[in-house]
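A.B. asks: Keeping their order, the protein sequence lines are chains A and B. The numbering of the first sequence is the numbering used here, which starts it at 1 and goes up by one. The numbering of the second sequence is the numbering used here, which starts it at 1 and goes up by one. Ideal Cβ placement from N, Cα and C applies to all residues, glycine included.
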Amino acid sequence: MKGEPTIMSPRQITTPLLFLTPALLLLTIFVLFPVANTIYISLLNQEGEFVGLDNYAEVFGRRDFWNPQNLMEGKSPPYGASIHNGIWILIHLPLSVFFGLLLAVLLREVKGGAIIKSAVFLGMVIPMIVGGILLRFIYDKEAGILNGLLRVVGLGHLARTWTAFPQTILLALILGSVWIWTGFCMIVYSAGLEGIPVDLFEAAKIDGASRWRIFWRITVPMLRPATIVVVTMTLLWELKIFDIVWVIQRGGPGGASNVMALDMFLDAFFSIPPNFGTASAIATILTIMTFGFAAYMVNRMVKS
Amino acid sequence: MKRNKGISQAGWMAIVAGLIIIIAAMGVVLYLTLPAPEKPTLTVFSLWSGTEEENFLEALETFEEDTGISVRHVGYDTLELLITVPTQLQAGVAIADVVIAPWPSWILSLAGEDYLTNVKDMIDTTKFPETYLDVVTADSAIYGVPFKVSGKPGFWYRTSFFTDNDLTVPTTYNEFETLLADISAIDGVDAAIASGNGVGWPLSDTTEAFIVGLGGYQLQLDLIFGDEQFNSTAVKDVFVELASLLQAGYFSVPDDFDAQVAKVWDGTYGIYFQGSFITAFEPFASNLDDVGFFPLPETDGATGAVDYAIMPALTKHADEAQQLIEFLASAEAQEIMVGLGGFAAAHTDVPDSAYSSIDLEVLQFLRTVTIVPDLDDAIGGTFQTTFWDQLKALWVTPTMDLDTLLQTLQDEWSAPSF
C-alpha cells in the first residue's frame, strides 16, 4: 500500500551484504587503507613525528611545485609542477576531446574507417613509456619526423631537438600526448555514436536540417554522457601524468616539464633519507583533486 | 521410486582423501630422489651495458670456471638503479646478490637502513687506498668493495683529426679557448665540444672539470662538504666562464652519450669530455692508436669515481655472494678488468703492465694531480638529479639566470653521509 514502509526480510539484507563483502574488503585493503595511510604519513616529518600541515606548506613553498613568477613575467618554463599540470589540462583536454569527437564523427561514415580508427587507437594501446620513447624520436633534431617535415616545407632552420629546450619541451610533450590520448576519446565517442537512434538523424534530414545543424543539435547533446566520461578520464590522466614526462627528460631541463606525480616520486625515492612526508602530501593533493573532479563529473553523469 | 545408486558422499570423500595421500606421497618420493641442488645463479646489478657489460662478463668467466657459480648480469641506467635497489630492499626483497654502483652516499644510506652486509672481513683492506674505503665506511664497518676506478681526466679526441686540421693540444687555458675557436671554424664541424646527455651525468662531469680546473680541487671538496656555498663568488666565476663558452656555441646540444662518441669519431665534433671508460667504447676501443686526451689546462685535480660492489643483507645466497665479492676485490679480477680497457684498478697490486698505453697515460696523469670525489655522486639524493637537470637547462639556455641556478643547487645540497 502506498506510503506504508516496506519491511525487508533478513535474507534481503544479508544477501546483498554477502555479495558486497569481498569487493568492500578488497577496496578497504587496497584503496581506503593506502589512502588513509598516505594522508597520515603526509602529517609526519622524516623522523616520523607529527608536524601537522608543515609538509603541505613546504610543498607549496617550493619553486619546483609552485612558481608562477616566470609565467607572470612571460618567461619560459619552469612554472612549477602544479602549474605545468594545469597547463597540461588547459591545452591537452580540449584538443583531445575535439580530435576524438572529430575523428569519431568523420570516420563513422568513411569506408575503411575502422582501420583508420585502429591506427589512431594504437597510440592508446602501446605502453606510455614506449609512447614517450616514440615522442623522443619524433622530436629529435636528426631522426625526428617533425623536423623532417619542417625541412620538407622549407623550414629546416627551425629544426631542433624540441624536447631539449625549456622553452619548447612542455608544449612538445602536451601536443605529443594528444596523439597518444586521442585514440581513447575517439573510441568512447564512437561507442556513444552507436547509441544514438538513427531515426533522429533521418528525421532531421527529412526536416531539411544541415549536417552542421544535425551535429550541433543532435550529435553533441546526445553524446553528453560520452563527453562526461571522456572529460573525466582525460582530466584524471592529465593530473597523474608521469611516464611520458619521466622517459623523455625526467621533468627537465631545469624542471621545465616537471609535473606533480614526478615531484612526488622524486621526494619518495631520490631524497636521502626518503622524504615520504612531502611525497605523501603531494599524493594527497593529487588525490583530493582527482577525487573532486571525478565526484563532480560522476554526479553530472548520474544527473544527465 | 528407484534409489540413486551413485557413489555416496562418504565414498567421494574417501576418493578425494586417497588422491591427496597419493599426491603427497609422490611429492615426498620426488623430493627425496631429486639430485642435490646445483649451485645457485647469482644476480648482479650494475650500470653497464654494451662493451662495458661484455668486458665485465668476460672478467666473470674466471670466477664462474673456478667456483662453478654462474652469474646473471642486469644492466640498469643510472636512475633505474638508484630507485630499483632501495625499493626492492625496502620491500624486503634482494633480487640482486651483488650490486655495483659508484655512489658512496647512496651506499651508506642503504647501510644506515641495515640493508647491506659489512664486507670488511671479506677483503684485505691494506690493498686499497684509504680514501676509497673511507667514503663507504660507517662505524668501522665497510659496506663497499672498490672494484674499479674511472678517472675523468679530460677531453678525448682523434689524434688524426688534430693532425689533419693542424690543431695542437693546449697547455694553457688561453690556448684551450683558441683551440675551441679553431675547431669551430673547421668545415663540417657542428661544435667544438660534444655534450653527452642521458640522465645528465656527462654534463655534470664536464662542469666539475671546470670547477676543479678553474676553481681548484679544494673548491670541489669544499662544495661537497658544505664549506663553500654554490652561490658563492668562486663558484659563480666558474659558471660565468662555462656559460660564456656555451654562449659562444662551443658546446653541442646534449645528445645521448653513445651517439656523441660516434659523432666525435666522424668529425661532427672535435673533442669530448669523458671519463677514462670511453676507451672501452667503439670505435675508440678498436682504434686506440688514434685516440688522445688532454686535461683542462692548468688543472690541479681531477674527479675519480670508484665502482663499489655491495652485498645486500637479504641475499638468499650469502656464501656465494661473498665468494663473488672476494673475487671482485682480488687483484686477479681487477687485472682482467683493467686489461679489457677503460678503467684503473682499485687494488694496489695490479701492475702498470696490465694497462693499455692510453689507459696508462691516463693513470700517470691522474697520479700527478689530486683526485677528488665526483661532486654529485658524493652528495647524492635530490641534489644529484637537480644538478643534472639544471645543467641540461644551462646547456641549451646559457643566458639563464646563474644566480637562480646556483641558489637552486645550494637549496638541494645536503651533507654527504661519509
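#1: By Cβ distance below 6 Å, which residues in the same chain neighbour B/T370 in space, the five residues on each side in sequence not counted?
#2: Between A/S271 and chain B, is the shortest Cβ-Cβ distance under 8 Å, so that the two count as touching?
#3: For B/G226 and B/A415, what's the separation of their Cα atoms in angstroms?
#4: Between A/I116 and A/E238, is the Cβ-Cβ spacing less than 8 Å?
#5: Could you tell me whether the Cβ of A/L266 comes closer than 8 Å to any Cβ of chain B?
#6: I think B/G92 touches B/F293, with their Cβ atoms under 8 Å apart; what is that distance to the nearest whole Å?
#7: For B/G275, which residues of its own chain have a beta-carbon under 6 Å away from its beta-carbon, when the five flanking residues on both sides are left out?
#8: Which one or two residues does DSSP pair with B/K152 in a beta bridge?
#9: Would A/P225 pass as an interface residue toward chain B - the criterion being a Cβ-Cβ separation below 8 Å?
#10: What is the C-beta distance between B/D331 and B/D349, in whole angstroms, given that I count them as a contact (C-beta under 8 Å)?
#11: Whose Cβ in chain A lies nearer than 8 Å to the Cβ of B/V253?
#12: I'd like to know if B/I107 contacts chain A, where contact means its C-beta is closer than 8 Å to some C-beta of that chain.
#13: Of all the CB atoms in chain D, is at least one closer than 8 Å to the CB of B/T399?
#14: Rounding to the nearest angstrom, what Cα-Cα distance links B/A194 and B/L242 in this structure?
#15: Using the three-state DSSP reduction, which class does B/S46 fall into: helix, strand or coil?
#16: Leaving out the 5 sequence neighbours to the left and right, which residues in its chain are closer than 7 Å to B/L402 when beta-carbon positions are compared?
#17: For the segment 247 to 264 of chain A, which residues have a beta carbon sitting closer than 8 Å to at least one beta carbon of chain B?
#18: Is the separation between the beta-carbon of B/A440 and that of B/L116 shorter than 8 Å?
#19: Just by C-beta distance, which residues in the segment 385 to 399 of chain B are closer than 9 Å to chain A?
#20: Identify the residues that DSSP records as bridge partners of B/G196: which are they?
#21: DSSP has B/Y308 in a bridge; who is on the other side?
#22: On a Cα-Cα basis, can you pick out the residue from B/K120, B/Y143, B/V119, B/T131 that is closest to B/L110?
#23: Counting only beta-carbon separations shorter than 8 Å, does B/P86 have a partner in chain A?
#24: When you compare only the Cα positions, how much space is there between A/T284 and B/L288?
#25: Let's test the definition: count the other Cβ atoms within 10 Å of the Cβ of A/E49 and tell me whether it reaches 16, buried, or not, exposed.
#26: State the Cα-Cα distance for the pair B/E53 and B/T62, rounded to the nearest angstrom.
#27: Just curious, the beta strand (DSSP E) that B/Y355 is in, first and last residue?
#28: Please report the residue range of the alpha helix (DSSP H) in which B/Q384 lies.
#29: Enumerate, from N- to C-terminal direction, the unbroken alpha helix (DSSP H) stretches of 4 or more residues contained entirely within the segment 75 to 102 of chain A.
#30: Along chain A, which residues have their Cβ under 8 Å away from the Cβ of B/I83?
#31: Roughly how far, in whole angstroms, is the beta-carbon of B/A192 from the beta-carbon of B/L180, given that I think they are within contact range, below 8 Å?
#32: Count the other CB atoms within 10 Å of the CB of A/P10; is the residue buried (16 or more) or exposed (fewer)?
#33: For B/A138, does the three-state DSSP call read helix, strand or coil?
#34: Going by the CB atoms, is the gap between B/Y308 and B/V98 shorter than 8 Å?
#35: For A/Y189, name the three-state secondary structure that DSSP assigns.
#36: Provide the residue span of the alpha helix (DSSP H) that contains B/S8, from first to last.
C.D. replies: Taking the coordinates as given:
#1: Y217, G301
#2: yes
#3: 7 Å
#4: no
#5: yes
#6: Not really, about 45 Å apart at Cβ, beyond 8 Å.
#7: S150, K152
#8: B/T303
#9: no
#10: Here the sequence assigns Ala to residue 331 of chain B, which means Asp is not the residue at that position. So it is a contact: roughly 4 Å between Cβ atoms.
#11: K141, R160, T161, A164
#12: no
#13: This model lacks chain D altogether, as its protein chains are A and B.
#14: 14 Å
#15: strand
#16: K236, F239, V240, A243
#17: Q249, R250, G251, G252, P253, G254, G255, A256
#18: The question about residue 440 of chain B has no answer, for chain B in this structure spans 1 to 418.
#19: T385, T386, W388, D389, Q390, L391, K392, A393, L394, W395, V396, T397
#20: B/D255
#21: B/A101, B/P146
#22: B/Y143
#23: yes
#24: 55 Å
#25: exposed
#26: 15 Å
#27: No beta strand (DSSP E) holds B/Y355; DSSP gives it neither H nor E.
#28: 381 to 396
#29: none
#30: F269, F270
#31: 4 Å
#32: exposed
#33: strand
#34: no
#35: helix
#36: Where B/S8 is concerned, there is no enclosing alpha helix (DSSP H), given that its DSSP letter is neither H nor E.
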